[in-house]
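Trainee:
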Amino acid sequence: MEQIINRVTNSVLEIFDLEDYYPAGNRVQLDISQWLLEGFLLKEKDFREHLKQYDWSQYEDQLVAIHCSTDAIVPAWASILVTLHLAPFAKKVVNGNLEDLETTLYQEILTQLDYSIYENKPVIIKGCSKKPVPMSAYVMAAQYLQPFAKSIMYGEACSAVPLYKKK
94 MEQIINRVTN SVLEIFDLED YYPAGNRVQL DISQWLLEGF LLKEKDFREH
144 LKQYDWSQYE DQLVAIHCST DAIVPAWASI LVTLHLAPFA KKVVNGNLED
194 LETTLYQEIL TQLDYSIYEN KPVIIKGCSK KPVPMSAYVM AAQYLQPFAK
244 SIMYGEACSA VPLYKKK
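In my numbering, the protein residues as written are 94 to 260.
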């Protein structure tokens with residue numbers, strides 16, 4: 094009987110799994126339309142009063158995305174003011190939706206990594222993930238890996254799609 098050999102395990106392929114860098118923390122969206130008149134009109138005095146009365150401590154150590162769920166035209170200072178109220182409590186605050194939050198988190202993490210360990214090696218950017226890794230993180234990872242990797246593929250070792258090969 095012939096022995097089964099796992100060629101993937103024995104290969105020089107490097108797996109770059111973005112899930113390995115997924116930051117811990119509870120993610121929440123904060124909808125500022127709750128403080129707008131009928132969800133659409135910002136009356137400064139009322140808006141500021143709502144913010145003063147709001148319990149910001151519920152966002153302790155949270156990752157927060159500030160957004161407006163209505164089509165209201167909200168001045169830039171409104172999100173900044175909300176951020177200033179959140180800052181003493183939240184771990185991170187971004188303006189946008191949860192995907193924007195994930196993109197920002199990955200942007201911070203991916204810029205800090207040492208990619209030289211992938212120098213002249215074939216790299217697979219692991220495709221399937223159980224966590225909500227945004228497509229933008231894959232795009233960033235490919236850009237950071239390209240100057241170092243011999244080749245870049247996407248997917249799983251058994252069925253990777255070739256994307257780049259150094260000339």
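For every residue, glycine included, the Cβ atom is placed at its ideal position computed from N, Cα and C.
Note that the coordinates shown come from a computational prediction; the quantities given were computed from them, not determined experimentally.
(1) For the candidate residues V254, Y257, K259 and K223, whose alpha-carbon lies nearest to that of L111?
(2) What would DSSP say about V167, mapped onto helix, strand or coil?
(3) Considering only C-alpha positions, which residue in the set V254, V186 and G189 is nearest to K219?
(4) Should A180 go down as buried or exposed, given a rule of 16 or more other Cβ atoms within 10 Å for buried?
(5) Please go through the same chain and pick out, in chain order, the residues whose beta-carbon is closer than 6 angstroms to the beta-carbon of I159, but skip the five residues on each side of it.
(6) Any idea what DSSP makes of L134, helix, strand or coil?
(7) Please state whether DSSP places S244 in a helix, a strand or coil.
(8) Buried or exposed, going by whether 16 or more other CB atoms sit within 10 Å of the CB of F133?
(9) Put F182 into one of helix, strand or coil per three-state DSSP.
(10) Please classify L92 as buried or exposed, where buried requires at least 16 other C-beta atoms within 10 Å of its C-beta.
(11) By how many angstroms is the C-alpha of G248 removed from the C-alpha of A230?
Mentor: Let's see:
(1) One-based indexing of the sequence shown puts residue 111 at position 18. The residue with the shortest Cα to Cα distance from L111 is K223.
(2) Residue numbering aside, residue 167 sits at position 74 when the sequence shown is read from its first letter. DSSP, read as helix, strand or coil, puts V167 in coil.
(3) Numbered from 1 along the sequence shown, position 126 holds the residue referred to as residue 219. Minimum Cα distance to K219 is reached at V254.
(4) Against the sequence shown, residue 180 aligns to sequence position 87. With fewer than 16 other Cβ atoms within 10 Å, it is exposed.
(5) For the purposes of this step, residue 159 is identified with residue 66 of the sequence shown, where counting begins at 1. Excluding sequence neighbours, I159 sits near L123, S172, V175 and N188.
(6) If you number the sequence shown from 1, residue 134 lands on position 41. Reduced to three states, the DSSP call for L134 is strand.
(7) Looking up residue 244 in the sequence shown gives position 151. Looking at S244 - three-state DSSP - the assignment turns out to be strand.
(8) As a position in the sequence shown, residue 133 is number 40, starting the count at 1. Exposed is the call here.
(9) Taking the first residue of the sequence shown as position 1, residue 182 is located at position 89. Coil, per DSSP.
(10) The requested residue 92 does not occur in the structure, where the chain is confined to residues 94 to 260.
(11) Position 137 of the sequence shown holds residue 230. Position 155 of the sequence shown holds residue 248. Cα-Cα distance, rounded: 14 angstroms.
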